[in-house]
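J.: Every position in the sequence shown, counted from 1, becomes a number in the working numbering once 64 is added.
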Amino acid sequence: MKNGIIRKSACLLLAMAFAVSMTACGKPSAKKLNNAVSKKLDVEEVKLEDLEDMEGDEIQDAVDDGILVHTNGEEIADVFEDELEDVDFGEIGDQIDIDLDDWDVEDIKDATIYSKVEGTDSKSTAAMSTSEIAYVIEFEDSKKSDELFTELMDKFEDLADDQLDIDIEKLSKDEYMNKGNKGHLVLNIDSNILVDALIDQSEEMTGQKVDKEQKKEIQKAMGDSKIIIAIYYDSGVLTMFFGSGDDDFENISTLAKALGIKDPLTIENSDEMIDGISSIFSLGLGSYLSRARAAAAEIQEHNENVQAVVDEIESEVDDN
65 MKNGIIRKSA CLLLAMAFAV SMTACGKPSA KKLNNAVSKK LDVEEVKLED LEDMEGDEIQ
125 DAVDDGILVH TNGEEIADVF EDELEDVDFG EIGDQIDIDL DDWDVEDIKD ATIYSKVEGT
185 DSKSTAAMST SEIAYVIEFE DSKKSDELFT ELMDKFEDLA DDQLDIDIEK LSKDEYMNKG
245 NKGHLVLNID SNILVDALID QSEEMTGQKV DKEQKKEIQK AMGDSKIIIA IYYDSGVLTM
305 FFGSGDDDFE NISTLAKALG IKDPLTIENS DEMIDGISSI FSLGLGSYLS RARAAAAEIQ
365 EHNENVQAVV DEIESEVDDN
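#1: Kindly examine the ligand NAD and report whether one of its heavy atoms sits closer than 7 Å to the Cβ of Ala-198.
#2: Can you give me the start and stop residues for the beta strand (DSSP E) that Met-304 sits inside?
#3: Could you spell out the range, first to last residue, of the alpha helix (DSSP H) harbouring Ser-266?
#4: Cα separation between Met-118 and Asp-125?
#5: Within 10 angstroms of its Cβ, does Met-269 collect 16 or more other Cβ (buried), or is it exposed?
#6: Can you give the Cα-Cα distance for Asp-427 and Ile-177, rounded to whole angstroms?
#7: Suppose only complete runs of 4+ residues qualify. What are the alpha helix (DSSP H) ranges in the segment 122 to 172, listed by chain order?
#8: In whole angstroms, what is the alpha-carbon distance linking Ser-289 and Leu-97?
#9: Between Gly-309 and Val-169, what straight-line distance do the alpha-carbon atoms span, to the nearest angstrom?
#10: Please identify the residue among Lys-280, Glu-108, Leu-216, Val-101 whose C-alpha is closest to the C-alpha of Lys-243.
#11: DSSP three-state label for Ile-282, please.
#12: Relative to the C-alpha of Asn-252, which residue among Ile-131, Ser-342, Leu-115 is closest?
#13: Kindly identify the DSSP beta-bridge partner or partners of Ile-232.
#14: With distances taken Cα to Cα, identify the nearest neighbour of Leu-132 among Val-110, Leu-323, Glu-145, Asp-106.
#15: Measure the C-alpha to C-alpha separation of Leu-112 and Thr-330 and round it to an integer number of angstroms.
#16: My guess is that His-248 and Ile-291 are in contact by the Cβ rule of under 8 Å, so how many angstroms apart are they, rounded?
#17: Give the DSSP-derived three-state secondary structure of Asn-242 in the structure shown.
#18: Go to Val-110, then tell me how far its alpha helix (DSSP H) extends in each direction, as first and last residue.
#19: Can you look up Glu-182 in the DSSP assignment and give me helix, strand or coil?
#20: By DSSP's criteria, Gly-247 is part of a beta bridge. Which residues make up the other side?
#21: What first and last residue would you give for the beta strand (DSSP E) that runs through Ile-197?
#22: For Lys-180, I'd like the list of residues in its chain whose CB is within less than 6 Å of its CB, leaving aside the five on either flank, ordered along the chain.
#23: Could you work out which residue in Asp-335, Ser-299, Asn-315, Ser-334 is closest to Asp-327 when comparing CA atoms only?
#24: Verify whether the separation of the beta carbon atoms of Val-301 and Glu-202 is less than 8 Å.
#25: Can you tell me whether Asp-311 is buried or exposed, with buried defined as 16 or more other CB within 10 angstroms of its CB?
#26: Counting C-beta neighbours from all protein chains within 10 Å, is the total for Leu-235 16 or more, i.e. buried, or is it exposed?
#27: Who are the Cβ neighbours of Ala-88 in its own chain at under 6 Å, not counting the five residues just before and after it?
#28: Starting from Leu-388, follow the alpha helix (DSSP H) in both directions and report where the run begins and ends.
#29: Excluding the five sequence neighbours on either side, which residues of its own chain have a C-beta within less than 7 Å of the C-beta of Ile-338, listed in chain order?
#30: Indicate the three-state DSSP secondary structure (helix, strand or coil) for Gly-335 in the structure shown.
#31: Which one or two residues does DSSP pair with Ile-292 in a beta bridge?
#32: Tell me which residue opens and which closes the alpha helix (DSSP H) that Ile-316 is part of.
#33: Give me whichever residues DSSP pairs with Asp-275 in a beta bridge.
#34: Using the rule of at least 16 other Cβ atoms within 10 Å of the residue's Cβ for burial, across every protein chain shown, is Val-151 buried or exposed?
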């Protein structure tokens, strides 16, 4: 009898300990991100006031290696007092139709920002930098931030319905969730998705099929790039990961795991999300390719003009 009671008591204590440990690590925090970046990525923290004093080249060198800042709204207001003097959050909110009248930087209780931007020497014509960003912002008033999050998500759902033709109900729970005081949005888009989107747009606009050579040109322009955008909100805590470029973004996976978040790189977007979001990217890509072709044509014309002058000079020399 006693042994049974002891076993049951031990099981109960273990269960309680497990529950407490799960609760403790279940919600992201600025401190957790700061520790994870410092220990797992071996990036040293930079004081905000030191960052503010850096010159452009110094900041670029620091960001190339990875930069980590742990701060709060009061410190931001103090260090960037002059820069923030003319900032009106209400006016910014009006421009995006969001009520920010009662907001200022001091509403930030705690924040950690990690950023790394490396230049690449990609062989593709779309050579670009590789960027990865992660941040966690904790707000002073969770109820106030809940209301803002709800408003932002309402705006996104209106945009999805009215302009992107996305049916929210068809999205998977891994890529989108909105429960008022908790939610997330994950976009995991690689070059194949973007190339297909651009081809679809081109064929729709021209009424002509894109042939293999044209597809190769588009693939060459895109390179092997991807874009990851993952936004999470949980009762006053905002977490975001962003990555773009030619990279596997293992650091983002590492940090997500450390914060207790499912790795956003393992999330596959539904066809519903891809079709809607790709339309935005394809418009930008179409513009890029048009500019690239125009620039190439100008270079070709310039080279031909230069060669014509050289030929004329050589002809004159030969005649003399």
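Just so it is clear, CB atoms sit at the ideal spot from N, CA and C, and this is done for glycine as well. Only a predicted model underlies this, so the values are computations on that prediction, with no experimental measurement involved.
T.: Concretely, from the data shown:
#1: You won't find the ligand NAD in this model; it holds no ligand whatsoever.
#2: 301 to 309
#3: 255 to 270
#4: 10 Å
#5: Its Cβ having fewer than 16 others within 10 Å, Met-269 is exposed.
#6: Given a span of 65 to 384 for the chain in the structure shown, any question on residue 427 remains unanswerable.
#7: Secondary structure in the segment 122 to 172: the alpha helix (DSSP H) runs of 4 residues or longer, each lying completely within the stretch, are 137 to 143, 145 to 148, 153 to 159 in chain order.
#8: 26 Å
#9: Straight-line Cα distance between these residues: approximately 31 Å.
#10: Among Lys-280, Glu-108, Leu-216, Val-101, the Cα nearest to that of Lys-243 is on Leu-216.
#11: helix
#12: Ser-342
#13: Answer by DSSP bridge pairing: none, since Ile-232 is not bridged.
#14: Val-110
#15: 33 Å
#16: About 17 Å; that fails the 8 Å criterion.
#17: strand
#18: From DSSP, Val-110 is part of no alpha helix (DSSP H); its letter is neither H nor E.
#19: strand
#20: Asn-242, Tyr-297
#21: Per DSSP, Ile-197 belongs to the beta strand (DSSP E) from 194 to 203.
#22: Counting only Cβ-Cβ distances below 6 Å, and skipping sequence neighbours, we find Gly-130, Glu-196.
#23: Asn-315
#24: yes
#25: By the neighbour-count rule (16 or more Cβ atoms within 10 Å), Asp-311 is buried.
#26: When all chains shown are included, Leu-235 counts as buried.
#27: Bear in mind that a pLDDT of 37 at Ala-88, under 50, signals an unreliable position, so the number given afterwards is only what the model happens to contain. Around Ala-88: no qualifying Cβ.
#28: Because the chain spans 65 through 384 in this model, residue 388 falls outside it and cannot be assessed.
#29: Ile-257
#30: The sequence given here has Asp at residue 335, not Gly. In the structure shown, Asp-335 falls within a helical segment according to DSSP collapsed to helix, strand and coil.
#31: Asn-252, Gly-307
#32: 314 to 322
#33: Partner(s): none; Asp-275 has no beta bridge.
#34: exposed
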